[in-house]
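Q:
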Amino acid sequence: MSYDPFVLPFSIGLVIVVILILWKYFRWIFSHEKAERVKILKLIFSFKLFSVIKEIFMEVLFHRRIFKINPVLGYMHSSFAFGWFLLILGGTIESKMHNHHAFNMFYEPIFFKFFSHNIDGFPFASGFKFLMDLILLYILSGLMLAMAKRLYKKMFGMKKTTKLRLIDKLALTSLWCIFPLRLLAESFTSAQYHNGGFLTDNFGNILAKFLPVDQLEYPAWWAYSIALGVFFVMLPYSRYMHIPTEMVLIILRKAGFKTEKKYTGFSRVEVQSCSRCGICLDACQVYATTQRNKMLPAYFLQSVRFNKKGKQGLTDCLMCGRCQEVCPVGIGINAIRRVKRNELFDEKGAEFEYLEESSIKSKKADVIYFAGCMTHLTPTIKRSMVALLKKAEINFWFMDEDSSICCGRPLQVLGKEKDANILADKNRELIANSGAELLVTSCPICYKIFKEEYNLNIKVQHHTEYLNELVNIGKLKPANLNFSAVYHDPCDLGRGSGIYNQPRELLGRISRLNKSENEKEMALCCGSSLANLPAGFDDKEFMASEAAEQLCVSNPDKLITACPLCKKAFAQACNERKTSNQVDVKDIAEVLAEAVA
Amino acid sequence: MADFGYKIQEDRQINYDSNDRTLFYFLKRVEPSISLCIGCGTCSATCTAGQFTQFDLHKIMLYVRRGEKVHIANEIKKCMLCGKCSLVCPKGINTRNIIFQTRKFIHSNK
Ligand code: SF4
Ligand code: SF4
Ligand code: SF4
Ligand code: SF4
Chain A
0 MSYDPFVLPF
10 SIGLVIVVIL
20 ILWKYFRWIF
30 SHEKAERVKI
40 LKLIFSFKLF
50 SVIKEIFMEV
60 LFHRRIFKIN
70 PVLGYMHSSF
80 AFGWFLLILG
90 GTIESKMHNH
100 HAFNMFYEPI
110 FFKFFSHNID
120 GFPFASGFKF
130 LMDLILLYIL
140 SGLMLAMAKR
150 LYKKMFGMKK
160 TTKLRLIDKL
170 ALTSLWCIFP
180 LRLLAESFTS
190 AQYHNGGFLT
200 DNFGNILAKF
210 LPVDQLEYPA
220 WWAYSIALGV
230 FFVMLPYSRY
240 MHIPTEMVLI
250 ILRKAGFKTE
260 KKYTGFSRVE
270 VQSCSRCGIC
280 LDACQVYATT
290 QRNKMLPAYF
300 LQSVRFNKKG
310 KQGLTDCLMC
320 GRCQEVCPVG
330 IGINAIRRVK
340 RNELFDEKGA
350 EFEYLEESSI
360 KSKKADVIYF
370 AGCMTHLTPT
380 IKRSMVALLK
390 KAEINFWFMD
400 EDSSICCGRP
410 LQVLGKEKDA
420 NILADKNREL
430 IANSGAELLV
440 TSCPICYKIF
450 KEEYNLNIKV
460 QHHTEYLNEL
470 VNIGKLKPAN
480 LNFSAVYHDP
490 CDLGRGSGIY
500 NQPRELLGRI
510 SRLNKSENEK
520 EMALCCGSSL
530 ANLPAGFDDK
540 EFMASEAAEQ
550 LCVSNPDKLI
560 TACPLCKKAF
570 AQACNERKTS
580 NQVDVKDIAE
590 VLAEAVA
Chain B
0 MADFGYKIQE
10 DRQINYDSND
20 RTLFYFLKRV
30 EPSISLCIGC
40 GTCSATCTAG
50 QFTQFDLHKI
60 MLYVRRGEKV
70 HIANEIKKCM
80 LCGKCSLVCP
90 KGINTRNIIF
100 QTRKFIHSNK
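From first to last, the protein sequence lines are chains A and B.
In terms of numbering that gives the first Met the number 0, the first sequence opens at residue 0 and continues consecutively.
In terms of numbering that gives the first Met the number 0, the second sequence opens at residue 0 and continues consecutively.
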């Protein structure tokens, strides 16, 4: 057995980090009920296991999703993860083959060159020398990029890079030291015993010309070991915890875990899986508009992790979901934000007793039409809907014609679940009493809560879906009006509910539909989202005009959307627009009403 | 009592010695746009809750300035936080945040 005291910092660090990580795994998993834990076992003993392993390999080591979004950044991340993995794997095989023994001490592969000066004499020995140096070079090239990223973020096509906490800085420094120190230590050794490959051997020979390599060798190995040890001890408390966490995240997610109404062990796993890669920074419109940054997932998740409840950034977010869409780790950011809002704000603050005396009575009908509060501020939408429903000869009840009870989602997104439930109960009763089979709404905000939280036993549709269906079955026969149009996906309808095709199909029949830069999953928010509490009038107006500007690059005749809030925001923004080409802002129901008239 | 179609009005003098304006100063700090209110009443005209009951945001804005806390505490509970009022306010006041913060203030100062 080879031993030297310098292996101690590394070995102690490794033992500590393994114990701490296992403890964390244990706590995360055992905070769930037994019934849920069984799902993990089921996954492990099924064929799905292979896809899990594949995903771990592709994401944790290779960072495929980061590659897709930003190749340079992907290369940087994978050089560390995949490179280090290869270095350990290669070192292990090399040292075992050299010793002709399957068992050796766990530190031997790491410090192989120090212990084994004569490493020829086993199959592929020179090949290994070459390979190990190549891998080291691969990591070092990634390291250069990482350093450059901190200095020149533009090179990565990123406007911003994440700011660091003290412990992250320490961990980062020790991580950055590890590989250059390994290069030095191996080079010093190789200069004397010529056991290195093309990199360390040549580099060592150059160093030997003007440095006393025989005296420097031993301290260099100590320094390498200390850098490793320090990094390991820091790891569980720094952002690098994401490395051992992401694997667990992938497994649990595949097993069917999800953050829903409570902050669970799984939520913890999600929060700690954030690598703070900073990809979400450039997706956020609130940040781009206001330069406030507390709401950014990279910072928000961190403040949640260290138990600051994320108070500051908690409400200053549109919950538009753009950051979640680009997050390469796939963290359910919106759900975590909602859970945290509930924790902080869900005291009973409202009293809606007065609703008991309300005069709204259910009416028997086949279809219920619910315009929604906001649609009452854009009355042409509801008038168009009523006209269309009459034209299609639908037996419908306009539920909130005279006075509307709010659907509850505006309260819910602010974390006031209890208050929201009172309103939901009232609406649910009205809906049930009408005996209808279908509920159609014009507002994507209402749509989402009706569909996902009301537990109605009837079908719920947004008017884009319903109108498209009516056209498809021939109840409405629109003419082709042949104007050019661009469609804006409202957050709650697009990203929130996955409805992208129906409005496009419908618009394809009556107009020439142009594409725009950020479409579908990456659509911008109009800025009016009710989830953001502190954003003021100017912030919203600015976000709306930025989004409108981008949508109207192709100079369409009409800008069409499917949400009263988006419509209002864009109509206002386009009025202010100084460009010569004025665009007409319309809801999809309005243009369809024109087309069938 | 015979109904003559009119009644004796309650005393409506504003007594700044007994009124407590801390809420107003708190709101000015967390939502400065409150200072822009011109009392036009548009918010009340559009209010979702106002369709069902006597609830008047523009009156509340006035009471906040005057510091009539008891009245505010009873009234503010009726709001559904739907946000219509912030969309129609001609001065672009973030009324929804004002209501949210008022509730929080009342809740933590009970
Ligand atoms: S939330 Fe996702 S995108 Fe944002 S820093 Fe974390 S891992 Fe990267
Ligand atoms: S949900 Fe939207 S507003 Fe909120 S942090 Fe993400 S990108 Fe920004
Ligand atoms: S609409 Fe705006 S300015 Fe008018 S009373 Fe209401 S808050 Fe004040
Ligand atoms: S947010 Fe409250 S005060 Fe404003 S319109 Fe809605 S119910 Fe009325």
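Note that CB positions come from ideal geometry on N, CA and C, so glycine has one too.
Everything numeric in this text was worked out from a predicted model, so none of it was measured.
(1) Checking the sheet assignment: what are the DSSP bridge partners for Leu-558(A)?
(2) Spell out whether any CB of chain A is found under 7 Å from the CB atom of Phe-3(B).
(3) Take every Cβ of the region 270 to 277 of chain A, pair it with every Cβ of the region 65 to 80 of chain A, and state whether three or more of those distances are shorter than 8 Å.
(4) What would DSSP say about Gln-53(B), mapped onto helix, strand or coil?
(5) Listing by chain order, which chain B residues have their CB less than 8 Å from the CB of Ser-403(A)?
(6) Run the proximity test for Cys-273(A): is its beta-carbon closer than 6 Å to any non-hydrogen atom belonging to ligand 3?
(7) Along the region 342 to 359 of chain A, where does the CB come closer than 8 Å to a CB of chain B? Name the residues.
(8) Would you list, in chain order, the members of the region 94 to 106 of chain B that have their beta-carbon closer than 9 Å to a beta-carbon of chain D?
(9) Once DSSP output is grouped into helix, strand and coil, what is the label at Lys-257(A)?
(10) Helix, strand or coil: how does DSSP classify Tyr-368(A) here?
(11) Taking the continuous beta strand (DSSP E) assigned at Lys-360(A), which residues delimit it?
(12) Going straight from the alpha carbon of Met-591(A) to that of Phe-23(B), what length do you get?
(13) With a CB to CB cut of under 6 Å and the five nearest residues on each side skipped, what residues in its chain are close to Leu-512(A)?
(14) If you run the structure through DSSP and keep just helix, strand and coil, what is Asn-531(A)?
(15) Based on Cα-Cα distance, which residue from Ala-423(A), His-99(A) and Gly-228(A) lies nearest to Leu-13(A)?
(16) Whether or not the region 297 to 305 of chain A and the region 262 to 274 of chain A are in contact is what I'm after, with contact meaning three or more pairs of Cβ atoms, one per stretch, closer than 8 Å; do they touch?
(17) Since Phe-25(A) meets chain B, which of its residues come closer than 9 Å, beta carbon to beta carbon?
(18) List the endpoints of the continuous beta strand (DSSP E) containing Leu-512(A).
(19) For a contact meaning CB atoms closer than 8 Å, what does Ser-32(B) contact in chain A?
(20) Going along chain B in order, which residues have a C-beta closer than 7 Å to the C-beta of Cys-372(A)?
(21) I'd like to know whether the C-beta of Arg-337(A) is nearer than 7 Å to at least one C-beta of chain B.
(22) What does DSSP give as the partner residues of Thr-440(A) in its beta bridges?
(23) Confirm, please, whether the CB-CB distance from Tyr-499(A) to Lys-519(A) is below 7 Å.
(24) Considering only the alpha carbon of each residue, which of Lys-128(A), Phe-395(A), Ala-147(A) and Met-146(A) lies closest to Asn-194(A)?
(25) Helix, strand or coil for Phe-129(A)? Go by DSSP, reduced to three states.
(26) Tell me which residues share the same chain as Asp-556(A) and place their Cβ nearer than 6 Å to its Cβ, disregarding the 5 neighbours each side in the sequence.
(27) Go through the region 62 to 94 of chain B residue by residue and report every complete run of the alpha helix (DSSP H) that reaches 4 residues or more, in order.
(28) Name the residue from Phe-187(A), Pro-108(A) and Gly-141(A) whose alpha carbon lies nearest to the alpha carbon of Asn-201(A).
(29) Determine the direct distance from the alpha carbon of Thr-377(A) to that of Ser-173(A), and round the result to whole angstroms.
(30) Classify Thr-21(B): buried if its beta carbon has 16 or more other beta carbons within 10 angstroms, exposed otherwise.
(31) Closer than 7 Å by C-beta to Gly-434(A): which residues in its own chain qualify, once you throw out the five before and the five after it? Chain order, please.
(32) Is DSSP giving Ser-579(A) helix, strand or coil here?
(33) Here's the rule I'm using: 16 or more other beta-carbon atoms within 10 Å means buried, otherwise exposed. How should His-100(A) be labelled?
(34) For the candidate residues Leu-88(A), Asp-538(A), Ala-588(A) and Cys-490(A), whose alpha-carbon lies nearest to that of Ala-572(A)?
(35) Take the Cβ of Asp-10(B) as the centre, count every other Cβ of all protein chains shown within 10 Å, and call the residue buried at 16 or more, exposed below.
(36) So, does the CB of Leu-492(A) fall closer than 7 Å to a CB anywhere in chain B?
A: Result, derived from the coordinates:
(1) In DSSP, Leu-558(A) forms a bridge with Val-485(A) and Val-584(A).
(2) Cβ-Cβ to chain A under 7 Å: no for Phe-3(B).
(3) Result yes; three or more Cβ-Cβ pairs closer than 8 Å.
(4) Coil, per DSSP.
(5) Per Cβ cutoff of 8 Å: Thr-47 and Gln-50.
(6) Every heavy atom of ligand 3 is 6 Å or more from the Cβ of Cys-273(A), so no.
(7) If the cut-off is 8 Å between Cβ atoms, the region 342 to 359 of chain A has Phe-344, Glu-346, Gly-348, Ala-349, Glu-350, Phe-351, Tyr-353, Leu-354, Glu-356 and Ser-357 near chain B.
(8) You won't find chain D in this structure, because its protein chains are A and B.
(9) In this structure, Lys-257(A) counts as coil in the three-state DSSP scheme.
(10) In this structure, Tyr-368(A) counts as strand in the three-state DSSP scheme.
(11) Here Lys-360(A) belongs to no beta strand (DSSP E), and DSSP marks it neither H nor E.
(12) The sequence as given places Leu at residue 591(A); Met does not occur at that position. Straight-line Cα distance between these residues: approximately 48 Å.
(13) Answer for Leu-512(A): Ala-484 and Leu-506, listed in chain order.
(14) If DSSP states are grouped into helix, strand and coil, Asn-531(A) belongs with coil.
(15) Closest option to Leu-13(A), Cα to Cα, is Gly-228(A).
(16) Verdict: yes, contact present.
(17) In chain order: nothing, as chain B lies at least about 37 Å away.
(18) It spans 510 to 513 - the beta strand (DSSP E) in which Leu-512(A) sits, taken as one unbroken run.
(19) For a Cβ distance threshold of 8 Å, residue set Gly-535 and Phe-536 of chain A lies close to Ser-32(B), ordered along the chain.
(20) Ordered by position in chain B, the residues that pass the 7 Å Cβ test against Cys-372(A) are Thr-47, Cys-81 and Lys-83.
(21) Not one chain B Cβ lies under 7 Å of Arg-337(A).
(22) For Thr-440(A), which the question treats as bridged, DSSP gives the partners Phe-369(A) and His-461(A).
(23) Taking the C-beta atoms as reference points, Tyr-499(A) is found nearer than 7 Å to Lys-519(A).
(24) The shortest C-alpha separation from Asn-194(A) is found at Lys-128(A).
(25) In the three-state reduction of the DSSP assignment, Phe-129(A) falls in the helix class, which pools H, G and I.
(26) Taken in chain order, the residues that qualify are Phe-482 and Ser-483.
(27) 68 to 74 and 83 to 87, all fully within the region 62 to 94 of chain B.
(28) Minimum Cα distance to Asn-201(A) is reached at Phe-187(A).
(29) Ser-173(A) and Thr-377(A): Cα-Cα distance of roughly 58 Å.
(30) Label assigned to Thr-21(B): exposed.
(31) Only Lys-363 meet the Cβ criterion.
(32) Confidence is the limiting factor: at Ser-579(A) the pLDDT is only 48, short of 50, which leaves the residue's position unreliable, though a coordinate-based value still follows. DSSP places Ser-579(A) outside both helix and strand once states are collapsed to three, so it counts as coil.
(33) Looking at its Cβ environment, which holds fewer than 16 other Cβ atoms inside 10 Å, His-100(A) is exposed.
(34) Taking Ala-572(A) as reference, the option from Leu-88(A), Asp-538(A), Ala-588(A) and Cys-490(A) with the minimal CA-CA separation is Asp-538(A).
(35) So Asp-10(B) ends up on the exposed side.
(36) Look at Leu-492(A): its C-beta is not under 7 Å from any C-beta on chain B.
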